[in-house]
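Here is the structure we will look at.
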Amino acid sequence: MRRAIVIGASSGIGRELAVVLSQNGFAVGLMARRLELLEDLRNSLKGPAFSRPADISDSSTAMTLLDDLIAEMGGVDLVVIASGTGFINPDLDWAMEKTTLDVNVGGFTAMANVAFRHFVQAGGGHLVGISSIAAIRGSATAPAYNASKAFMSNYLEGLRVRARKAGLAIVVSDIQPGFVDTAMAQGPGVFWAAAPQTAARQLYKAIQRKAKHAYITKRWSVIGWLLRVLPDFLYAKL
Ligand SMILES: NC(=O)c1ccc[n+]([C@@H]2O[C@H](COP(=O)([O-])OP(=O)(O)OC[C@H]3O[C@@H](n4cnc5c(N)ncnc54)[C@H](OP(=O)(O)O)[C@@H]3O)[C@@H](O)[C@H]2O)c1
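Quick note: to get my numbering, add 14 to the position in the sequence shown (first position is 1).
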């Protein structure tokens, strides 16, 4: 039986992906802080499921907890890092910026390191990071969020090249969603928001085809292209 761990499985995209993975025959490991939601999900799944409450902003404790979960599952073939946070922060409140960096940069990197090291030892595996279309350009109102997502995408590329150079059978996927209708995407500027179930289905397809990169949903590739080509003076007017 294939084994997958979803970090950030208590709600939103991660939760729905865990459901899809379980329906497709994966044993699933579920991580996030809200244990009650993880337990509800675990009890609702028909296949084998494991849970571990963890706050990834406490990176060293979370690394031990992920190692423990991998050991309990007898190894893992797929690790998806969906945990993330972000704030609209017009006043550049430092606490908000720091929380974003602690989760999206420190926590993400810690989890990616544990997964990558496990895959090196196991002789292969698949690491998936849920970055964002926000990785493409800086944000005036949420600078730490966009910068943290740029870090994620760049770090994932680094790990992919590292695996390739070493001839390791490790696949690394950078997933960049546009808006998905979850707690993280609320407010007046939201458009083309996909249902989290739709996002999870497309994400699962990207995992199956071992995509290096995918926009979720697919039509966000148009926005991705626009963001890349838009001159600074026009981007500043958005
Ligand atoms: N929704 C969008 O429009 C959108 C667009 C682009 C990218 N994304 C990315 O998609 C990912 C999933 O977000 P979502 O939209 O599904 O929102 P969500 O429902 O709020 O899910 C966020 C997940 O991250 C977990 N998380 C947050 N802080 C954590 C921490 N300190 N330690 C461990 N887990 C933590 C949450 O679990 P706990 O609170 O239980 O810990 C939850 O499971 C995020 O990385 C987000 O940046 C979302």
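Note that beta-carbon positions come from the ideal geometry of N, C-alpha and C, so glycine has one too. Remember, predicted model here, so these are calculated numbers, not experimental data.
Between residue 45 and residue 23, the C-beta spacing is below 9 Å.
In this structure residue 205 is exposed. Its beta-carbon is surrounded by fewer than 16 other beta-carbon atoms within 10 angstroms.
Rounded to whole angstroms, residue 240 and residue 152 show a C-alpha spacing of 14 Å. For residue 187, the enclosing beta strand (DSSP E) begins and ends at 184-191. The region 50-59 makes no contact with the region 119-130; the number of CB pairs closer than 8 Å stays below 3. DSSP places residue 45 within a strand segment (E or B) once states are collapsed to three.
A direct Cα-to-Cα measurement between residue 84 and residue 199 gives close to 31 Å. With a cut-off of 8 Å on Cβ pairs, the region 167-183 is not in contact with the region 202-218, counting fewer than three such pairs. In the three-state scheme derived from DSSP, where H, G and I count as helix and E and B as strand, residue 237 is classed as helix. The three-state secondary structure of residue 157, taken from DSSP, is helix. Assignment of residue 64 by DSSP, reduced to helix, strand and coil, places it in the strand class. Following the DSSP letters along the chain, one finds residue 21 inside the beta strand (DSSP E) bounded by residues 17-21. In the DSSP assignment, residue 93 forms a beta bridge with 19 and 141. DSSP places residue 230 in the uninterrupted beta strand (DSSP E) bounded by 227-230. In summary, residue 246 is exposed, with fewer than 16 beta-carbon neighbours lying within 10 Å of its beta-carbon over all protein chains present.
Comparing alpha-carbon positions, the option among 26, 60 and 183 lying closest to residue 91 turns out to be 183.
Shortest gap from the CB of residue 57 to any heavy atom of ligand 1: 8 Å or more. Scanning its chain for C-beta atoms nearer than 7 Å, with the 5 sequence neighbours on each side dropped, one finds around residue 81 the residues 128, in chain order. Annotated as proximal: residue 228 and residue 187, with beta-carbon spacing under 9 Å. Between residue 189 and residue 28, the gap from beta carbon to beta carbon reaches 9 Å or more. Residue environment: residue 243 is assigned as exposed (fewer than 16 neighbouring CB atoms within 10 Å of its CB, all protein chains considered). In its chain, beyond the 5 residues on either side, 18 and 42 have a beta carbon closer than 6 Å to the beta carbon of residue 35. In this structure, the C-beta of residue 115 stays at least 8 Å away from each heavy atom of ligand 1. In this structure, residue 203 and residue 147 do not form a Cβ contact; the two beta carbons are roughly 13 Å apart against a cut-off of 8 Å.
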